[in-house]
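So the structure is just underneath, and the comments pick up after that.
Residue numbers (this note's numbering): 4 to 54.
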């Protein structure tokens, strides 16, 4: 999806969560932003499937 179709979302997390996200993203050779977006997307899919 082109970036112009994306909406910015800002969140605050504890330092240990930020560190875990950074390590995971580095291992996957992705950005923290990309990883967070995918995790949010997966969480929403799971939420919707429970309804």
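Each residue gets a CB set at the ideal place from its N, CA and C atoms; glycine is no exception.
Assumed close pair residue i, residue j - CB separation to whole angstroms, cut-off 8 angstroms
| i | j | result |
| --- | --- | --- |
| residue 38 | residue 23 | So it is not a contact: roughly 10 angstroms between Cβ atoms. |
Whether residue i touches residue j by CB criterion (8 angstroms)
| i | j | result |
| --- | --- | --- |
| residue 3 | residue 12 | The question about residue 3 has no answer here: the residues shown for the chain are numbered 4 through 54. |
Quick one: which unbroken alpha helix (DSSP H) runs of 4-plus residues sit fully inside the segment 26-54? Chain order, please.
-> 35-53
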